[in-house]
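Visitor:
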Amino acid sequence: MVRKYLYGSPFRTDAVVKEIPTEKTVPAYGEIHTGTGFAYTYRMDESDRVYGLGENVRGINKRGFRYVSDCSDEPHHFEDTASLYAAHNYLIVTGRETFGLFLDSPARMTFDVGFTSVDILTVTCDSANMALYVVDGTDPQDIVHQFRKLIGRSYIPPKFAFGYGQSRWGYKTAEDVREVVRQHRAAGVPLDMVYLDIDYMQDFKDFTVNPHRFPDFAAFVEEMKQSHVRLIPIIDAGVKVEKGYSVYEEGVEKGYFCRKQDGSAFVAEVWPGWVHFPDVLNEQARAWFGEQYQVLLDQGIEGFWNDMNEPAIFKSVEGEQELRAEMRNYLETESAGQVWKIRDMVMHLMNNPKDYARMYHQVQGKMICHRDVHNLYGYYMTRAAGEAFARLVPEKRILLFSRSSYIGMHRYGGIWQGDNLSWWSHLRMNLQMMPSLNMVGILYTGADIGGFGSDTSRDLLLRWLALGVFTPLMRNHSALGTRQQEFYRFEGTEDFRAVIAVRYRLIPYLYSEYMKAALSDTMMFRPLAFVYPEDSVAVETEDQMMIGDEIMIAPVLVQNASGRFVYLPERMKLLRLTGDAPIREEVMEPGVHYVKVALNEVILFIREGRTIPIGASAEYVEALDPSSCRMYGFSGASYVWYDDDGTGKDYENPCHVRTVNMP
Ligand code: MIG
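Counting in this note's numbering, the sequence shown runs from 28 upward without gaps.
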């Protein structure tokens, strides 16, 4: 049961797809205060656990810390970074009482989950206008299910998107890309996608391709397809200000860029230099921006990643002017030594709230200050693309994922988990974010494998790949200037092949579980706490994960470990997979076990009474042979197996589902 409460006149975010009547009474749980802002307070019982908040730092149980929804470009986030790239204002409280909360406002919001005061949960929002949804249900999984029905079906990517992708900020030319493909094919390492980062563009102009680096782009896209590799270009939020550049000129002419309050252009600097931001909150502008993707679709492109859409700003014209003035003032009045002041001035040029307050949208004839709707920008940019694809290529699934997001965006695309670092703690965070993202409908997701910033190491990359084997988005990506981390940069490349090939052996199961989760509004990645709520050890186990109804994973998350302790809440069968080698199996009793895990090995646990299909690997998704699948697990068990051609949209067709028994 979902109930809706309205305070003031909230901005219509389109997070929710189901119209439900507004309640006249007050919510059953917690208290609400409105004034200049909005505040929700709930007194937590000692036994209460709090889940949700999607893309965020720390554990799966969010209790004991505070988090802020304020979409931010945070390439150096730490354990205490309050805001990442997304705003997912959704919580589940479970314990004495069990309920879900969705606070639908695009304004900045703070979640103090027993941080200031251990048993008080407070959500405060800068704006007093709020649509609040309260979900009653029997348990967290039921609450997620009802919430997911409220916000609509999750995005479904093409099947090739379940393959392995190689990316790096720094691939510049067609030859760079060819080399990546050659290396993978030569070593027999599966590969389905190579990502194009900003250097493929002409001067970082969206929807252009540098003709010197890619002399005949369409032919190159086709050449790659002959090698069964899709190119996935990046699109940035900012459109370069440049006379003669059609996207810029058309946007200006039609008034489709964000402006300042006085109607003049809002100008900011990002990679292309000075840019305008398309006003994706405006319906016409959104349709127009979405149609720009056609240029690349026409050249054979079948997938995109949308970047810098918080939107990230290096500086604005006004910010630069202010800095100059402050600098002059500082140099004239301050004595030397306080260098940090200058540093701070420069730092605050980037992603400055003052700039977000200067920027305006035109929504249904009304000027809306960007500051008040900031958290929607990434969602709406990605929505622009998703809506356009539905019009331009209605029969086709296009791969699409975004950096920034808000609840509702899961209907149009997935996300990657932003600029992480090559840290073991970020490997753990990747795992722990998965179920929280599933709670808000984001199923197609994964993190930059190996870590984006800083230098990775061989064992970190192998362990990260072994987790990435299970995440729908499996992409190795890294930043310019960091250690190169394609598998072939390391010794013992056969170990990498052994791990990545396992992904392809598991695609029949992973794709099936993804599709079932999407089609039935359920989670693919489930915390042990949701599956074994009566088991007090399972409830606190956050470094293992359930995937679908059948398996549990327990990735190695620390350096120099030859294995790890694994907690089994029930009897399970351990499977050890190394490339195409015969799978080694062992039934294990409930309790704690130390399990050795070699660097070239992927382990998983099948629950008692369950079975899953595992096939032979292949060099790319389309070469997978369903007839190579065998059922693994417990004899007599049956599995509901979803499969389709991975391109069409007739998901509901019953011919895609069959029940298979383990002999
Ligand atoms: O300011 O396009 O998160 O994946 O490689 C950095 C360059 C801009 C940020 C993205 C990252 C990408 C990078 N981008």
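We put the beta carbon where it would ideally sit given N, CA and C, even for glycine.
1. Given this structure, state the Cα-to-Cα distance separating glutamine 444 from methionine 599, to the nearest angstrom.
2. Tell me whether tryptophan 196 counts as near the ligand MIG, meaning its Cβ is closer than 6 Å to at least one heavy atom of that ligand.
3. Would the beta-carbon of glutamine 173 fall within 7 Å of that of glycine 164?
4. Give the DSSP bridge partners of alanine 295, in chain order.
5. Within the present structure, is the beta-carbon of aspartate 41 separated from the nearest heavy atom of the ligand MIG by less than 6 Å?
6. Can you tell which of Thr61, Leu80, Lys89 and Met28 has its C-alpha closest to the C-alpha of glutamate 569?
7. Taking DSSP as the reference, what is the three-state secondary structure of glutamate 521?
8. From valine 95 to isoleucine 630, what distance separates their C-alpha atoms?
9. Based on the DSSP secondary-structure assignment, which residues constitute the bridge partners of serine 15?
10. Let me know the secondary structure DSSP gives leucine 33 once reduced to three states.
11. Name the one or two DSSP bridge partners that proline 421 has.
12. Out of Leu159, Leu177, Ile87 and Phe65, point me to the one whose CA is closest to threonine 137's CA.
13. Going by DSSP, name the residue or residues bridged to tryptophan 668.
14. Measuring only the C-alpha atoms, how far is arginine 611 from leucine 602?
15. Runs of 4 residues minimum, wholly inside the segment 303-327: which ones carry the alpha helix (DSSP H) assignment?
16. Mind checking whether leucine 118 and glycine 57 have CB atoms under 7 Å apart?
17. DSSP state of phenylalanine 105, grouped into three classes?
18. Between which two residues does the beta strand (DSSP E) harbouring valine 216 extend?
19. Let me check one thing: in DSSP terms, what residues is glutamine 571 bridge-paired to?
20. Among residues of its own chain, excluding the 5 on either side of arginine 212, which ones have a beta-carbon nearer than 8 Å to its beta-carbon?
21. Find the nearest neighbour of serine 194 within the set Arg370, Thr509 and Ser132, judged by alpha-carbon distance.
22. Compute every distance between the C-beta of aspartate 446 and the non-hydrogen atoms of the ligand MIG, then say whether any falls below 6 Å.
23. Let's test the definition: count the other Cβ atoms within 10 Å of the Cβ of isoleucine 47 and tell me whether it reaches 16, buried, or not, exposed.
24. At what residues does the alpha helix (DSSP H) containing glycine 495 begin and finish?
25. State the CB to CB distance for the pair methionine 460 and glutamate 101, rounded to an integer number of angstroms; the pair is presumed to be in contact (CB under 8 Å).
26. Helix, strand or coil for glutamine 389 per DSSP?
27. Give every residue of the same chain whose Cβ lies closer than 7 Å to the Cβ of proline 609, excluding the five residues on either side of it in the sequence, and list them in chain order.
28. Find the nearest neighbour of isoleucine 147 within the set Pro184, Arg205, Arg70 and Met157, judged by alpha-carbon distance.
29. Quick check: serine 644 and tyrosine 531, are their CB atoms within less than 7 Å of each other?
30. Going by C-alpha distance, which of Ser74, Val29 and Arg39 is nearest arginine 563?
31. Rounded to whole angstroms, what is the Cα-Cα separation between glutamate 422 and glutamate 616?
32. For the alpha helix (DSSP H) containing aspartate 482, name the first residue and the last one.
33. Going along the chain, which residues of its own chain have a beta-carbon closer than 7 Å to the beta-carbon of tyrosine 191, five neighbours each way excluded?
34. Just grab the DSSP bridge partners of lysine 600 for me.
35. Which of the three DSSP states is assigned to threonine 121 in this structure?
Guide: On the basis of the supplied data:
1. Their Cα atoms are separated by approximately 31 Å.
2. With a cutoff of 6 Å, tryptophan 196 counts as near the ligand MIG, since its C-beta is closer than that to a heavy atom of the ligand.
3. Their beta carbons are under 7 Å apart, which means glutamine 173 touches glycine 164 by this criterion.
4. Alanine 295 pairs with Val302 and Ser343.
5. Checking the Cβ of aspartate 41 against the ligand MIG gives no.
6. Lys89
7. helix
8. 36 Å
9. Residue 15 lies beyond the residue range present for the chain, which begins at 28 and ends at 690; the question has no answer from this structure.
10. The answer is strand: DSSP assigns leucine 33 an E or B state.
11. None, per the DSSP bridge assignment.
12. Phe65
13. Arg685
14. Approximately 6 Å between the Cα atoms of the pair.
15. 310-318 and 321-324
16. no
17. coil
18. Boundaries for valine 216: no beta strand (DSSP E) harbours it, and the DSSP string shows neither H nor E there.
19. Per DSSP, none; premise fails for glutamine 571.
20. Leu218, Ser254 and Glu646, listed in sequence order.
21. Thr509
22. Aspartate 446: yes, Cβ under 6 Å from the ligand MIG.
23. With a threshold of 16 other beta carbon atoms within 10 Å, isoleucine 47 falls short and is exposed.
24. 485-495
25. Actually they do not touch by this definition, with Cβ atoms about 14 Å apart.
26. strand
27. none
28. Ranked by Cα distance from isoleucine 147, the first of Pro184, Arg205, Arg70 and Met157 is Arg70.
29. Cβ distance < 7 Å, so serine 644 and tyrosine 531 count as in contact.
30. The question names arginine, but residue 563 in the sequence shown is serine. Looking at the Cα atoms, Ser74 is the closest of the given residues.
31. Distance between the alpha carbons of glutamate 422 and glutamate 616: 48 Å.
32. Segment: none, aspartate 482 is in no alpha helix (DSSP H) and carries neither H nor E.
33. Correct list, in chain order: Pro217, Leu218, Asp219, Met501, Ile527 and Arg530.
34. Val614 and Ile633
35. strand
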